[in-house]
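Each remark here refers to the structure printed beneath this line.
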Amino acid sequence: MSDYLIRSLPISVQTMLVLCLCIFASLALYRFILRLIRKIVENKDNPIAKIWLDKLTSPFRWISGLIGVYISQQILPFGKIGESLLSRIEAFAVPAIAGWLALALLHAISDIVDIKSRRSVEGNESRKLASRRQRTRMSIMMRVGSFLIIMVTVGIMMMTIPAVRNIGVTLMASAGLVGLAVGAAAQPMLKNLIAGIQVAFTEPIRIDDLVIVETGDWGWIEKITLTYVTVRLWDERRVIVPLARFLEAPFENWTREAEQLICKVFLYVDPLADVERLREHMKKVVTSNALWDGRSYILQVSDMKPEYIELRLLATARDAPSSWDLCCDIREQMLRFIAENMPETIAHTRFTMPQRKKLDFLVDGVDAIQRTPKGNKAGV
198 MSDYLIRSLP ISVQTMLVLC LCIFASLALY RFILRLIRKI VENKDNPIAK IWLDKLTSPF
258 RWISGLIGVY ISQQILPFGK IGESLLSRIE AFAVPAIAGW LALALLHAIS DIVDIKSRRS
318 VEGNESRKLA SRRQRTRMSI MMRVGSFLII MVTVGIMMMT IPAVRNIGVT LMASAGLVGL
378 AVGAAAQPML KNLIAGIQVA FTEPIRIDDL VIVETGDWGW IEKITLTYVT VRLWDERRVI
438 VPLARFLEAP FENWTREAEQ LICKVFLYVD PLADVERLRE HMKKVVTSNA LWDGRSYILQ
498 VSDMKPEYIE LRLLATARDA PSSWDLCCDI REQMLRFIAE NMPETIAHTR FTMPQRKKLD
558 FLVDGVDAIQ RTPKGNKAGV
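Mapping the sequence shown onto my numbering, position 206 (from 1) lands on 403, and the numbers just tick up by one.
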């Protein structure tokens, strides 16, 4: 009875039913396989396998739908119009899904490299620099690769449209003028794209590097894109810097080779201050501070003025935040010690009063003191 009802339907309706059934069956098989793989991955608790699964789930869903369309074409003829329509759809959809799959693979590889590089740092501080180098290169190359994949995919998809293909052939005939126009318009984009590739291999900056930007503030490299770099400042502000700027202008990178830094504290004290006593107290302050990395410390008289002498206190720390906090601790404790135990060390302003000369009151050989004013007739 069901066969009779199906055969009584128009050919176009039968074709659509077969097409829908093939797509549905293909998607159902895909969901069954996906659930099976998810159970296996969850039991093993493998984060890398989960990344592959999460990134590739959506592209393969569309691939399974295309497989269903292809199977339906082999079962029933769609006619010239149907075949032409499906061919157009497939020619447009296949490059799009292929590009999507390539992007998903690229993002999955980037996430896996990021996880592995972070794991390699755990319990091994010597691997921190190499880890940041890997993450930076992968981040930049992923963005460059994504840009190229999208450009190629869109180009292939556009070329499947006859009208666009004819326009492309016409433009190729006048490639000289078009090349100049496109080159002039795309100069900033191409400049930053090339700069991104240079940054990936020459490594003037890396992710999590500590740099000083043009505003004079210091912060960490948070993100490196194809056109700009995001710098997260110490007060949680973000500064957006064009990528090419890091290749054209000088800048400070405090973590280029290592994260260790030397903190500097300056004290201005009286020239008669007991420097050796201050040096002994600095030793107690630094060695008892957990922020000190144990490498070195020193107190030196770095300058002298008539009113004061300049003391430079140096101590090493493992990174920039620790260096800043260590400087603040040393400065605070040294000032407290001076105020409580050596107040005479505070710089004073000295001046000398000249000795007063004896005034000469002699006028014409007669002592002015003996000259009394004339009184009135009464002698008053």
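C-beta: ideal position from N, C-alpha, C; glycine also.
Residue of Arg330, Val396, Trp431 and Ala295 minimising C-alpha distance to Thr350: For the purposes of this step, residue 350 is identified with residue 153 of the sequence shown, where counting begins at 1. Among Arg330, Val396, Trp431 and Ala295, the Cα nearest to that of Thr350 is on Ala295.
Spatial distance of Thr254 from Ile495 (CA atoms): Taking the sequence shown and counting its residues from 1, the one referred to as residue 254 is at position 57. Taking the sequence shown and counting its residues from 1, the one referred to as residue 495 is at position 298. Whole-angstrom Cα-Cα distance: 60 Å.
Do the region 479–497 and the region 437–453 meet, that is, are 3 or more Cβ pairs less than 8 Å apart? Judged by Cβ distances under 8 Å, the region 479–497 makes no contact with the region 437–453, as fewer than three pairs qualify.
First and last residue of the uninterrupted beta strand (DSSP E) at Met501: On the sequence shown, residue 501 is found 304 positions in, with the first residue counted as 1. Unbroken beta strand (DSSP E) run through Met501: Trp489 to Met501.
Following the continuous alpha helix (DSSP H) through Thr484, name the residue where it begins and the one where it ends. In the sequence shown, counting from the first residue as 1, residue 484 sits at position 287. Its alpha helix (DSSP H) spans residues Val472 to Thr484.
In chain order, what residues of the same chain lie with their CB nearer than 8 Å to the CB of Phe463, ignoring the 5 residues before and after it? Residue 463 sits at position 266 when you count from the first residue of the sequence shown. These residues qualify, in order along the chain: Ser499, Glu507, Leu508, Arg509 and Leu510.
Near Pro292, what residues of its chain come up, given a Cβ to Cβ distance below 7 Å and the 5 sequence neighbours on each side ignored? Taking the first residue of the sequence shown as 1, we reach residue 292 at position 95. Only Thr350, Ile353 and Met354 meet the Cβ criterion.
Who are the near neighbours of Trp249 in its chain, counting only those whose CB is closer than 6 Å to its CB and skipping five residues on each side? What you label residue 249 is simply residue 52 of the sequence shown in a count that begins at 1. The residues are Ala305.
Contact check, Val466 vs Ala544, beta carbons under 9 Å: To locate residue 466, count along the sequence shown from 1; it is residue 269. To locate residue 544, count along the sequence shown from 1; it is residue 347. The answer is yes: Cβ separation under 9 Å.
Below 8 Å on the Cβ atoms is my contact criterion, and I expect Ile418 with Val428 to pass it. Report the Cβ-Cβ distance as a whole number of Å. Numbered from its first residue, the sequence shown carries residue 418 at position 221. Numbered from its first residue, the sequence shown carries residue 428 at position 231. Indeed, because the Cβ distance is near 6 Å, the residues count as touching under 8 Å.
Same chain, Cβ closer than 8 Å to Leu226, neighbours up to 5 away in sequence not counted: Here residue 226 is taken as the residue at index 29 of the sequence shown, counted from 1. Contacts found: Ser261.
Considering only residues of the region 406–443, which uninterrupted alpha helix (DSSP H) runs meet the minimum length of 4 residues and lie entirely inside it, listed in chain order? none
Return the bridge partner residues of Ala514 from the DSSP annotation. Here residue 514 refers to the residue found at position 317 of the sequence shown. According to DSSP, which records beta bridges pairwise, Ala514 is partnered with Leu458 and Trp489.
Indicate the three-state DSSP secondary structure (helix, strand or coil) for Ile543 in the structure shown. By one-based count along the sequence shown, residue 543 stands at place 346. Looking at Ile543 - three-state DSSP - the assignment turns out to be strand.
With H, G and I counted as helix, E and B as strand and the rest as coil, what does DSSP make of Tyr227? As a working note, residue 227 is residue 30 in the sequence shown. Tyr227 falls in the helix class under three-state DSSP.
Among Val341, Ile220, Arg476 and Ala290, nearest to Ile535 - alpha-carbon criterion: Residue mapping note: residue 535 aligns to position 338 of the sequence shown, counting from 1. Looking at the Cα atoms, Arg476 is the closest of the given residues.
Which residue or residues does DSSP assign as beta-bridge partners of Leu464? Looking up residue 464 in the sequence shown gives position 267. DSSP, once it has assigned bridges, lists Leu508 as partnering Leu464.
So is Phe229 buried or exposed if we call it buried at 16+ other beta carbons inside 10 Å? Residue mapping note: residue 229 aligns to position 32 of the sequence shown, counting from 1. Exposed: under 16 other Cβ atoms inside 10 Å.
Could you tell me if Gln270 is buried or exposed, where buried requires 16 or more neighbouring beta carbons within 10 angstroms of its beta carbon? Along the sequence shown, one-based indexing puts residue 270 at 73. Buried is the call here.
Under the three-state reduction of DSSP, which class applies to Glu449: helix, strand or coil? Counting from 1 along the sequence shown, the entry for residue 449 is found at position 252. Three-state result, Glu449: strand.
Measuring straight from C-alpha to C-alpha, what distance separates Met213 and Ala222? On the sequence shown, position 16 is the one that residue 213 refers to. On the sequence shown, position 25 is the one that residue 222 refers to. Whole-angstrom Cα-Cα distance: 14 Å.
Could you tell me if Thr412 is buried or exposed, where buried requires 16 or more neighbouring beta carbons within 10 angstroms of its beta carbon? Residue numbering aside, residue 412 sits at position 215 when the sequence shown is read from its first letter. Counting Cβ neighbours within 10 Å, Thr412 comes out exposed, since fewer than 16 surround it.
Round the Cβ separation of Ala512 and Val483 to the nearest angstrom and send it over; I've been treating them as touching at under 8 Å. For this step, residue 512 is matched to residue 315 along the sequence shown. For this step, residue 483 is matched to residue 286 along the sequence shown. About 5 Å; that satisfies the 8 Å criterion.
Just to confirm, are Met539 and Ala470 a CB contact at a threshold of 9 Å? For this step, residue 539 is matched to residue 342 along the sequence shown. For this step, residue 470 is matched to residue 273 along the sequence shown. Contact flag set, yes.
May I have the straight-line CA-CA distance separating Asp526 from Leu407, to the nearest angstrom? Counting from one through the sequence shown, the residue named residue 526 turns up at place 329. Counting from one through the sequence shown, the residue named residue 407 turns up at place 210. So the two alpha carbons sit approximately 22 Å from each other.
Which same chain residues end up closer than 8 Å to Leu374 when comparing Cβ atoms and leaving out the 5 residues on each side of it in sequence? As a first step, residue 374 must be located in the sequence shown, where it is residue number 177. Residue placement at Leu374 is poorly supported in this model, since its pLDDT is 46, which falls under 50; the coordinates still yield a value, given next. Excluding five sequence positions before and after Leu374, none of the CB atoms of its chain fall closer than 8 Å to its own CB.
What does the Cβ neighbour count give for Ile404, buried or exposed, with the cut at 16 atoms within 10 Å? Working through the sequence shown from its first residue, we reach residue 404 at position 207. Under this definition Ile404 is a buried residue.
Proximity to Asp597 [Cα-Cα], best of Leu233, Ile234, Gly416 and Asp311: What is shown of the chain runs 198 to 577, which leaves residue 597 out entirely.
According to the neighbour-count rule (16 or more other Cβ atoms, all chains shown, within 10 Å of its Cβ), is Ile286 buried or exposed? As a working mapping, residue 286 is identified with position 89 in the sequence shown. Under this definition Ile286 is an exposed residue.
Skipping 5 residues on each side, what residues in its chain have a beta carbon closer than 6 Å to that of Met369? Taking the sequence shown and counting its residues from 1, one reaches residue 369 at position 172. Unreliable placement is indicated for Met369, whose pLDDT of 46 sits below 50; the coordinate value is still reported in the next sentence. So the list is empty, once near-sequence residues are dropped.
Could you have a look at Ile347 and say whether DSSP puts it in helix, strand or coil? Position 150 of the sequence shown holds residue 347. Three-state result, Ile347: helix.
Would you call the CB atoms of Ile268 and Cys217 closer than 9 Å? The count along the sequence shown starts at 1 and reaches residue 268 at position 71. The count along the sequence shown starts at 1 and reaches residue 217 at position 20. Against a cut-off of 9 Å, the Cβ pair of Cys217 and Ile268 comes out as no contact.
Kindly indicate which three-state DSSP category Asn243 falls into: helix, strand or coil? Here the question's residue 243 lines up with position 46 in the sequence shown. Asn243 falls in the coil class under three-state DSSP.
Close Cβ partners of Ser307 (< 8 Å) along its chain, the five nearest in sequence each way excluded: In the sequence shown, the residue the question calls residue 307 occupies position 110. Only Met335, Ser336 and Met339 meet the Cβ criterion.
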